[in-house]
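Enquirer:
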Amino acid sequence: MILLSKFSLFCLIYYCFQQPLYKLKLFNLKGSESLIKTPDFTTAPNLEVLILKGCTRLIEVHPSIGVLTRLKLLNLKGCKSLRSLPTKIEWESLETLNLKDCSNLVSLPSSIGGCKGLRALNISGCYKVENLPENLKQLEFLEELDLSETARRRPPSFIFQLKNLKVLYFNGPKGASSKLRMNLPSFLKLNQRAMIEPMPLMLHSLSGLSSLRELKLRECNLCDIPNDISSLSSLTFLDLSGNNFISVPSSITRLSKIGILRLDNCKELKSLPELLTNIGSLLVSGYDSLEAIANPSKVRNSVNWADIRGINCYRLAETMNVVTLLKKNIKVFGNLRKVFTFIIPGGEIPEWFNHQRAGFSIKIPLPHNIWNDSQWMGVALCCTFVTANTSRHEQLVSNVIFHHKNCGQECVLLDCFGFPFGKSYYSNQPVTKDHFFLRYCSRASFVTKDHFSLHYCSRAILLDRDFSKGECVESESKNLSTLDLSNQEFNELELSYMKYFCDHVHSVKVKKCGVRLVYEQDLEDVQEQHSNQTCVTIEEMNEDSVAEGSIANSSL
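Counted the way mature numbering (1 follows the signal peptide of the UniProt record, and there is no 0) counts, the sequence shown spans residues -18 to -1, 1 to 538.
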């Protein structure tokens, strides 16, 4: 084995590129932190893939890179010292250009509009890039465009003409602009908002983006959402966090394919329309203005799951009764919606959860022959938790386990759900006060025509899995999807919350947990208000809290 120093390695690279390299198609120098400038690529005209990701000291790329006509992928992600690209580029075959986190890059080449085959362009984290070449509108095949965290204050108007665009990400200015705001002298503080904040953004018509699947417009001073957002019929993900609109148009409910809606830190937003019937995940963390979330009134394009996360929404916690919301969802959707999850500030578990225990786990006995009881609808589980650190990625994982009466340590994993939070979640806000986590699993979520759809495994296998990394029990357990267990007897249900983390230091603390087996008679006291009233009001919550026990009086 021959070991080369970094200096010798780069000397060898430069020497190689002095020879004809006509057959070279892929060149990967990922993570070469000592690389300051690239070699001359003239001798490698057939290069198709060039990866320089993580070359943090790279200042200059040789002009010959611009005439690699067969280049399909150029990855310069994390080249934070790179200042410019060649002015002349002839990337007629280029499909992917990744410039993410090139924080010293000032501009894009004006000739980039000639990259007719470009399908993905990522300049997120290019804090100094403000002006974009107008000829970008010529990229008719562009499908993915990420303009997050640049110096631009608003998205360029031409992007609304890119009819094949499927993914569009845009954030308001970060980096240098944010630092300028923090460093203003005190005598300018009164005027700093007028000096730095952009004018309110009025979006162009969105009707030309009919192919769009993912749209992120964060922190760009958007004051109004156009009604024609409903024309984005292919949209599955929408993130409008950090904006200043006060309402969400009801037309958004016509987006039948949307799965995730993020409205974090929309501090002027006070209420939401009837979203729960067709949106799977609603994230509304980080503001006190939100007072009400609409109740579902009818089944319309229902998805199998619903996920509402109101992290740090303390005003909502004052008005919202989670048990009432849960009951109304069950009554409207029945088994059509298999899973319902809700997170909101709160430190007490409602008395409706008839099995409660301090700590992170609880076991309850199961009624005899529960699987054949037609009145049994599902399982409601909950906990109160807190975490004070967002610098790490962590997950709070809930496991619901059914123990078999005659099989010793063997059990059925009924439900496993990982609730992530940390640096990349919930606008980087610490959950410093108690929060209440509620999850409901209908019997349809784990039984299909009297057959189990999950897995039979030993407890040792279950506890050995790392669900935060996507591991599951399938490879080491018996699949029950084709096995009729209606005559089998399960005598115990166990709920446990496990914490997974990357650096083996965790700040998540589960204080208390609770369980309730839900039957049809549990819904009899739900008033038929959802047919006449679409919004949960303060008055309604006050009335309901008398009967159900609200979590509003929690220790916050």
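Backbone N, C-alpha and C define an ideal beta-carbon position, used for all residues, glycine too.
So the candidates are 225, 223 and 217; which of them puts its Cα closest to the Cα of residue 235?
Expert: Nearest option by C-alpha distance: 217.
Enquirer: Threshold first: 3 residues or longer. Then list the beta strand (DSSP E) segments lying entirely within the region 86 to 166, N to C.
Expert: You should have 102 to 104, 126 to 129 and 149 to 153.
Enquirer: Please classify residue 39: does DSSP put it in a helix, a strand, or coil?
Expert: If DSSP states are grouped into helix, strand and coil, residue 39 belongs with coil.
Enquirer: Classify residue 381 as helix, strand or coil using the three-state DSSP reduction.
Expert: Looking at residue 381 - three-state DSSP - the assignment turns out to be strand.
Enquirer: Can you have a look at residue -1 and say buried or exposed, based on whether 16 or more other CB atoms are within 10 angstroms of its CB?
Expert: Flag for residue -1 reads exposed.
Enquirer: From residue 367 to residue 296, what distance separates their C-alpha atoms?
Expert: Each residue's Cα considered, the two are about 15 angstroms apart.
Enquirer: Under three-state DSSP, which class holds residue 299?
Expert: Looking at residue 299 - three-state DSSP - the assignment turns out to be helix.
Enquirer: Closer than 8 angstroms by C-beta to residue 76: which residues in its own chain qualify, once you throw out the five before and the five after it? Chain order, please.
Expert: Hits under 8 angstroms: 53, 54, 55, 56, 97, 99 and 100.
Enquirer: What ranges does the beta strand (DSSP E) occupy inside the region 333 to 378, keeping only unbroken runs of at least 3 residues that lie completely in it?
Expert: Complete beta strand (DSSP E) runs here, min 3: 337 to 340, 343 to 347 and 358 to 368.
Enquirer: Take residue 229 as the anchor and find which of 266, 471, 351 and 242 has the nearest alpha-carbon.
Expert: Answer by Cα proximity: 266.
Enquirer: State the Cα-Cα distance for the pair residue 214 and residue 155, rounded to the nearest angstrom.
Expert: When rounded, the distance between both Cα atoms is 26 angstroms.
Enquirer: Return the bridge partner residues of residue 494 from the DSSP annotation.
Expert: The partner list for residue 494 (beta bridge, DSSP) reads 340 and 366.
Enquirer: Out of 64, 495 and 134, which one is the CA nearest neighbour of residue 363?
Expert: Per the Cα distances, 495.
Enquirer: Buried or exposed: which applies to residue 9, given that a residue is buried once 16 or more other Cβ atoms fall within 10 Å of its Cβ?
Expert: So residue 9 counts as buried.
Enquirer: Return the chain-ordered list of same chain residues with a C-beta closer than 6 angstroms to the C-beta of residue 24, the five sequence neighbours on each side being excluded.
Expert: So the list reads 46, once near-sequence residues are dropped.
Enquirer: Buried or exposed, going by whether 16 or more other CB atoms sit within 10 Å of the CB of residue 503?
Expert: Answer is exposed; the Cβ neighbour count stays below 16.
Enquirer: Within 10 angstroms of the Cβ of residue 145, are there 16 or more other Cβ atoms? Answer buried if so, exposed if not.
Expert: Label assigned to residue 145: exposed.
Enquirer: So what's residue 471 in DSSP terms, helix, strand or just coil?
Expert: It is coil, neither helix nor strand.
Enquirer: Step through the CB atoms of chain C and report whether any lies within less than 8 angstroms of the CB of residue 249.
Expert: As a matter of chain content, chain C is missing from the structure shown, which is built from one protein chain.
Enquirer: If we ignore side chains and look at the alpha-carbon of each, how far apart do residue 50 and residue 417 end up?
Expert: Rounded to whole angstroms, residue 50 to residue 417 spans 55 angstroms at the Cα level.
Enquirer: Going by beta-carbon coordinates alone, are residue 28 and residue 6 separated by less than 8 angstroms?
Expert: Cβ distance < 8 angstroms, so residue 28 and residue 6 count as in contact.
Enquirer: What number of angstroms, rounded off, separates the C-alpha of residue 184 from the C-alpha of residue 139?
Expert: In a straight line, the C-alpha of residue 184 is about 11 angstroms away from that of residue 139.
Enquirer: Starting from the Cα of residue 16, find the closest Cα among 365, 34 and 83 and give me that residue.
Expert: Checking every option, the nearest Cα to that of residue 16 belongs to 34.
Enquirer: What did DSSP end up calling residue 426 once you bin it into helix, strand or coil?
Expert: Residue 426: helix per DSSP, three-state reduction.
Enquirer: Could you please give the first and the last residue of the uninterrupted beta strand (DSSP E) stretch that includes residue 321?
Expert: First-last of the beta strand (DSSP E) with residue 321: 321 to 327.
Enquirer: Identify the residues that DSSP records as bridge partners of residue 480: which are they?
Expert: Answer is 379, bridged to residue 480.
Enquirer: From which residue to which residue does the beta strand (DSSP E) around residue 49 run?
Expert: Careful: residue 49 lies outside any beta strand (DSSP E) and carries neither H nor E.
Enquirer: Tell me whether residue 143 is buried or exposed, calling it buried when 16 or more other Cβ atoms sit within 10 Å of its Cβ.
Expert: Answer is exposed; the Cβ neighbour count stays below 16.
Enquirer: Taking the alpha-carbon positions, what's the residue 14 to residue 116 distance?
Expert: Taking the straight line from one Cα to the other gives about 34 angstroms.
Enquirer: DSSP three-state call for residue 209: helix, strand or coil?
Expert: Three-state result, residue 209: helix.
Enquirer: Taking the C-alpha atoms as reference points, what is the distance between residue 129 and residue 311?
Expert: About 38 angstroms.
Enquirer: Excluding the five sequence neighbours on either side, which residues of its own chain have a C-beta within less than 6 angstroms of the C-beta of residue 20, listed in chain order?
Expert: Closer than 6 angstroms at the Cβ level, and outside the excluded window around residue 20, lie 43 and 44.
Enquirer: Can you say whether residue 377 is buried or exposed, counting buried as having 16 or more other CB atoms within 10 angstroms of its CB?
Expert: So residue 377 ends up on the buried side.
Enquirer: Run through DSSP, which three-state label would residue 280 get?
Expert: Note that residue 280 scores 47 on pLDDT, short of 50, meaning its location in the model is unreliable and no value can be drawn from it.
Enquirer: What three-state label does DSSP hand residue 291 in the structure shown?
Expert: Three-state result, residue 291: strand.
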